[in-house]
Structures are given as structure tokens and as C-alpha cells.
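One structure below.
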Amino acid sequence: MRRTPMIGGTVVCAALALSLSACGGDDDGGSKGGAGAASLQGRGPITFVTGKDRSGYLQKQLDGWNTEHPKEQVRIIELPDEPNDQRQQMIQNATTKSDAYSVLNLDVVWTAEFAANRWLAQLPKGEIDLSRMLPATIATGQYRDKLYAVPSTSDAGMLYFRKDLLEKAGISGPPKTYTEMWDDCAKVRKLPEAKDADCFFTEVNKTESMTISAVEAIESAGGSIIGPDGKPALNTPQAKQGVEFLIGAKKDHMPKEAVTLDTEGGRRYFQSGKLIFQRQWPYQYGLADSGDGSSKVAGKFAVAPLPGPNGPGVANLGGHNLAISAFAKNKATSLDFIRYLTGEQAQRANLLATSQAPTVAALYDDPEMVKKFPYLPVLKQAIANAKPRPVAVKYGDVTAAVQGEMYDAVTGKKPADQALSDLQSKLQPLTAQ
Amino acid sequence: MTTTESAPAAGTAAAGAPRGRGKSDVQGTRRLAALLLSPTLLVLALVIGYPVLAGFRESLYARGEGLDADGFVVEGDRFVGLGNYTAIFQGDRADAFWNAFSNTTFFTLTTVVLETVIGVAMALIMQQAFRGRALVRASILVPWAIPTAISGLLWRWIFQADGAANAVLRQEILWTADGFPAKAAVVIAEVWKTSPFIGLLVLAGLQMIPRDVYEAARVDGAGPVQQFFRITLPLVKPALLVAVLFRMLDVLRMFDLPAVLIGVNQKSVETLTMIAWFEASNLRYGSAAAYATILFLYIALIAYLFVKLLGADIIGEARQRTRRPRAVRPARAGRRAS
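Those sequence lines, one after another, are chains A and B.
Each residue of the first sequence is one higher than the one before, starting from 2 at the first, in this note's numbering.
Each residue of the second sequence is one higher than the one before, starting from 1208 at the first, in this note's numbering.
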């Protein structure tokens, strides 16, 4: 009677030891997979995990790769449209250590969280040609000075303005400072056709867009939400100046329903001709300029860098990066595929087909591209000066706190000082370490 | 069933025989019942019991709390006992919790009361015999057939600043911003969506009421209002209580409608499930499980109180109801046979 459990125990121990060592082996290959290029091994079929491809162009781009690499086929795994759902599914896949996902298409703000949780394979800096890319975009793929993701598309806010109205009012160019912008509005509003137009719009609804607006306002004033030392820095005069700009803009210059308008709502508002100035992403350019009657402002607007308190302002950096899942097989193929998709040729084709902003600098100066997308020079300048959103492992909590406090400030529930000191104390524990 | 039906046919001699084996038969039946039920109980334990216990176990742990020197998240779970629960009731998070708790309770009270009134009215209309009744019944059920997320989108479109709601009201109400109008928007959309459910269940209850009861009442000179409060309401009560209980349990765990219509992280419409979701999506599974467990207990308490205070006779009535047809069936079967 006594022997059986003991034998059982030994068997269990042996099995455990076996499985543990097996697990350990996997972990070595997976989580520490960034020690050097040598660890990115394995060739064969891989998957590319990305949000819903609205343009339908992605498959064509992959077809190009697949015909050249018949033994290393890439299959698309399309995740939902909503960024939060995409993140959720990628995290689920990572926490179960599944090898179903190989190459991940990550929003720039997720890099820190994914890298800190050892869900990404570290990439060999020397083996990827980053020199051709815009420096600001490369920074978004790094965590603690190590490369985890390669920028594939970029994005930055720009100032859309009604060129026709400004010209009519005798204004020579777009405003460089907030004061100039408000003055221009006063002049334009004297025109009979712009009597009821609203002056300015940037998103202030309680979503991720609020964080973006806050970053732009605070960085333009020379402050930052999280300082270079990784600590929240909202107890500065610059941060206060930034928030006060948002409060004043919402109160005096934005449409009344501003707090309910999302990105698309803002676009509809601008396209209906009711706005003089608007902070918006590049994607709006083509839609607002289309001559099919959906936009009343086609041919009547232009873009410029965002204004700031004393000169040009700072835009927020958006975009997507490609990374390799730490648990993926065939990491060598994955790296090649990332090189292919972030290369100049693929990015040029993608820009033409989807008008997504590239990360390869040369494309912004290419006369053929500029002819098709006249906003590219402005966008290049905006990206060059752009600042990322707070880099934090607990980004979800950080952005929720920023959204809440900024919303309370902008809607007048709290004075700016109060909101900033509340945010400072909320962010402190989230960014400790 | 086959035995009861064949017994009268076999005659009195056969009917006498089983009466003699009564005791052992009861035991055998019980054993058979237990045997037949055990797969169901096993499945219930697996799909309900296990998740509840696993969720509770998860709520006692925390993970991913700190970073090591290289900036990596420290791996492994740490047992924190009731730490996740006490954290919910402390500091900032206590405000968020009580806000979500009161939102959840507010939505439950307002929507269930409105739904009940509107649902009963719908059932009474559907019950009437008139031309095009089928069309009315079908159209009343349309909102219930639409997925919640879709109806959330639909209502968001109606409630946007330049949407249909403001056009009809000739007002400029910011429904979808974080504020009291957002609460109202959620209540309206929820009531629109789920009143048909109550209507449907009440209609089923109404059709169980024999017509001759109303005839008798009419002969006695009872008006429509009297008929409603003295006959319809008491007789439809069991069905109505079940419908209301279902709606209460459902609305207590409401998530997708406010999330789609107004958005997550909005103080004015944040419910307990939304906080649990937020915690889980920020990888604090222990804390999320703690919120979910608290919500589970709250729902269980409400359901218990509801059944105890109002519906103690839900089960009693149901038993009588099931007993009655059983007594009737052999007679009917006999009549059909003859």
C-alpha cells in the first residue's frame, strides 16, 4: 500500500521535470529571443496579424511575397476594426504562449507594454535598414533602448484650414501661433459666408483622442505628460499653459457639441463647411478633397503644421509598427517579411493604394508622390517634430487617467490646476519603478 | 408516461400489482432519477460551478505588479488574499466602484419599471383580436431581434449632436457626452430594446387565461379597468414576475449597450461589468475577478430577495401548474382513445 503512492510520486516528478525542462527550453528560445540575430531562427509559413484591412490592398501586397517565397507563405489573420479589440486578442494569444501569431501589426503606443511583458522578440538593430526611416518613427519601436518593432506606417496631426476664406479675408498664410489663429478667425468671421462658422476643432471627447489632444497642447507649450526621466511632469507651468489652451479653445472657439464629436464626426463637421481651422489626421485630406459631392470644401482647403503658443506647435505621433511574437515559430522568415513590408518599394505601393503615411523618408520628397498627395511635405515636417504619447508599460491606465482628468478640465468640472495635480498623483503609482 | 397511459388499458389486475411493490419502486425511481440527472449535474458543475470557483480563486491573486532592472514585468502570480477586494473599496477606486454600483442600480430600477409598464401594454395590444395583428406582433418584436451592439450604434446615430433626437426635440442636448443625458440615452435605448421581451412573456401568460373568466366578469358588470386589475394582473403575475426577474438579472450585468452607445470609461454610464472589463483589459485579472465576484454576489442577492419577497409563489404556482396538466392528461388520452 505504501509503495504505490511513492512510485506514483516519482512518476509525477519525472513527468513534471520533463515538462518543466521542455517549457524552460521553449522559454529560452522565446522570451529572451532578442539576445542577437542568431536567436531569430526557423523558416517556413508564418502569419501576419493585423487590424481589419479596409482598403483590401494588403492581400495583394502579400501575394507579391508569396509568389517569391513559395515555401514561406504568409497568411493574414484579420482582427476586429477596434484597436482595443486587436490589442486584447494579441494579448490573449501571448498569455497562452500560442505560436499562431508570427508578425504583429502593433499600434505605436503598445510597444512598451508588449516588450515589457516579454511578448515580443528583440530585433537585431544591425540587420534592419533603419537609416532610411524618419527618426521619430524609429523611437516608437524601441523599449529601453532595444529594438522590438519596425515602423511600417506613420501618422501625425496637421492643421486643416479654409484657404479660400483666409484669402478672401486678406490673410496671407496659415497661422503659426494660437493668437494668430484666433485673430484670423475674427477676420474671417466678418465675411458674410463665414458668419456662422466655428473657429477651431480638436477632439475633446473622452476617448484616446483626448490623450492625443492633451499631448499636442502640452508638448506645444514645451511641457510633457511624462517627463524624460519617466516620471509624470504635470506640475509645471508648461503643462498648465497647454491645458489652459484646450480649455480656452473649447470654451471660446469650438462648436458647442465638440465633446460629442469623434474623429469621423469632426471630419463631417469640417466637410460641411462649418469650420475654419481643424486639427486632424492626414486621412481626411483625400476624403475632404473628393469631388463626388460628399464634401463641400473640396479644393477650398490646405494643410499646415499645427500652431503653438509662441510658434509652430508639436503634433502627436501615431502609426503602426511590425513586431515578431516571442512565441512564434519561423522567426527568420518573420524578420525577412518585416524587411519586405517596411521596405521602400512596398511602402510606396501601400501609400499609392491606401494613402497611409509611410515611414521611409524619401517618399515624402518624391515628386510623383507629392503630386498625388500634396500634404506630404507638411506631414513630413509634422512627423519630424512630433512627440509620442506617454511611453508606459501600463499605458491603458495612463491614458484612462489622462482622458478623465482632461475631460473634467475641458468641460469645466475642475479648474486646470486641480485636474493637473489630480492627474499627477494618479500617474505617480502607474509610472513608479 | 407510457406506464400511466397503458395502465387503464391493462385493467384493474395489472394496476393492483405495482401498488404492492410501492416502497422499493420509489427507491428505484429515486436512484434512476439520480442516475439520469447526474450527467446534467456534472455538466452544470463544469460549466457553472467551475468558472465561479475559478473566478473566485483568481480574485485572490495578483500578477505583473512590478518591473525588474531590465524593464521586464516580473512574472508569476502572487497570493494577495482578499487584497483585491479591499483595494476596490479604497481611495480613488472606491469612488469609481460606488459610481458604477449606483449606475448599475439606477439602470436596473429605471429600465425594469419602464419595461414592465410598456411590455404589459404591448402584450395587451398583441392579445386583442384585430386585423393585421400578426403584423403588429412581428413589428413589436423587431427591437428584441436586433443585436444589442447594433442597436447601440443605431441609437448613437439618433443621439448624436445633429441627430434625429435633437431634431425632433428641437433642442441641443449633448446625449453622447459624459453627463446625465447619457444616462437617459442608455435608459431609452435599453427600454426600446427589451420591452418586447416582457411583452412576449406576458402575452404567453395572457393566453393561458380562459376567456370565460372575462365573460363572467362582464356579466357581473366589471369594467375594463376592474377586469385588468382583478383578473388579468393576478392571473398573469407568475409569467410577469419571471419576465421581470430575467430582465433584472440581465440589466445588472449590462455592458455592450452603454459601451457602444456612449463609450467605455464614461463616468455617467460606467457599470460594474465595465469596470471588471477595464481591469481585465489592463491585465489585472485578479482585480477583474474580484469585481466580477462582487457583481455575482450582488446579482445573487437581488435574485434571492426578489424571489423571497415577491415571487415566493413563483415556484409554488409553477408546481401547481405542472401538476394540473399531468392530472388532466390521462383523461384526455382516454377520451381520444375512445
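We put the beta carbon where it would ideally sit given N, CA and C, even for glycine.
These numbers were taken from a predicted model, which means no experiment stands behind them.
Not a single CB atom of chain B sits nearer than 9 angstroms to the CB of residue 244/A. By the Cβ criterion, the region 1389-1408 of chain B is not in contact with the region 269-289 of chain A, since fewer than three pairs of Cβ atoms, one from each stretch, lie closer than 8 angstroms. Taking C-alpha positions only, residue 233/A is separated from residue 313/A by approximately 24 angstroms. Below the 9 angstroms Cβ cutoff, chain A contributes no neighbours of residue 1261/B, its closest Cβ being approximately 15 angstroms away. Annotation: the continuous beta strand (DSSP E) that includes residue 1268/B extends over 1268-1270. Ranking 1503/B, 1484/B, 1505/B by CA distance to the CA of residue 1495/B puts 1484/B first. Under the DSSP assignment, residue 202/A falls in the beta strand (DSSP E) whose first and last residues are 199-202. One Cα belongs to residue 1498/B, the other to residue 1300/B, and the distance between them is close to 11 angstroms.
Residues of the region 197-210 of chain A whose Cβ lies closer than 8 angstroms to any Cβ of chain B, in chain order: 206, 207, 208.
1409/B is the residue among 1456/B, 1409/B, 1238/B whose C-alpha sits nearest the C-alpha of residue 1334/B. At a cut-off of 9 angstroms between C-beta atoms, residue 1472/B counts as an interface residue with respect to chain A. Closer than 9 angstroms to the CB of residue 1367/B there is at least one CB belonging to chain A. Interface with chain B (9 angstroms Cβ-Cβ cutoff): residue 322/A is excluded. When the Cα atoms are used, residue 1232/B and residue 1252/B turn out to be separated by approximately 29 angstroms.
Residues of chain A whose Cβ lies closer than 7 angstroms to the Cβ of residue 1383/B are, in chain order, 261. Nearest neighbour of residue 332/A by Cα position, chosen from 53/A, 254/A, 124/A, turns out to be 124/A. Between the C-alpha atoms of residue 321/A and residue 1405/B there is a straight-line separation of about 47 angstroms.
In the three-state scheme derived from DSSP, where H, G and I count as helix and E and B as strand, residue 1363/B is classed as helix.
Bridge pairing for residue 150/A: 324/A [DSSP]. With contacts defined as CB atoms closer than 9 angstroms, residue 249/A and residue 224/A fail to qualify as a contacting pair.
Rounded to the nearest whole angstrom, the CA to CA distance from residue 72/A to residue 326/A is 20 angstroms. In this chain, residue 421/A is not harboured by any beta strand (DSSP E); it is covered by the alpha helix (DSSP H) spanning 417-432. Chain B places a beta carbon closer than 9 angstroms to that of residue 92/A, counting this residue as a contact. Taking the C-beta atoms as reference points, residue 148/A is found no nearer than 9 angstroms to residue 362/A. Just measuring C-alpha positions, the residue of 386/A, 336/A, 433/A sitting nearest residue 66/A is 336/A. For residue 106/A, the enclosing beta strand (DSSP E) has its first and last residue at 104-108. In the three-state reduction of the DSSP assignment, residue 1312/B falls in the helix class. Within 10 angstroms of the beta-carbon of residue 185/A lie 16 or more other beta-carbons, which makes it buried.
Not one beta carbon of chain B lies nearer than 9 angstroms to the beta carbon of residue 429/A.
DSSP places residue 220/A inside the alpha helix (DSSP H), whose first and last residues are 209-221. Here the region 1358-1366 of chain B lies against the region 1447-1467 of chain B, with 3 or more beta-carbon pairs under 8 angstroms apart.
The C-alpha of residue 1473/B is placed about 32 angstroms away from the C-alpha of residue 152/A. Put simply, the CB of residue 397/A is near chain B, with a gap under 9 angstroms to one of its CB atoms.
With the rule of 3 Cβ pairs closer than 8 angstroms, the region 383-399 of chain A counts as touching the region 137-147 of chain A. Chain-ordered, the chain A residues with CB closer than 7 angstroms to the CB of residue 1489/B read 395, 397, 398.
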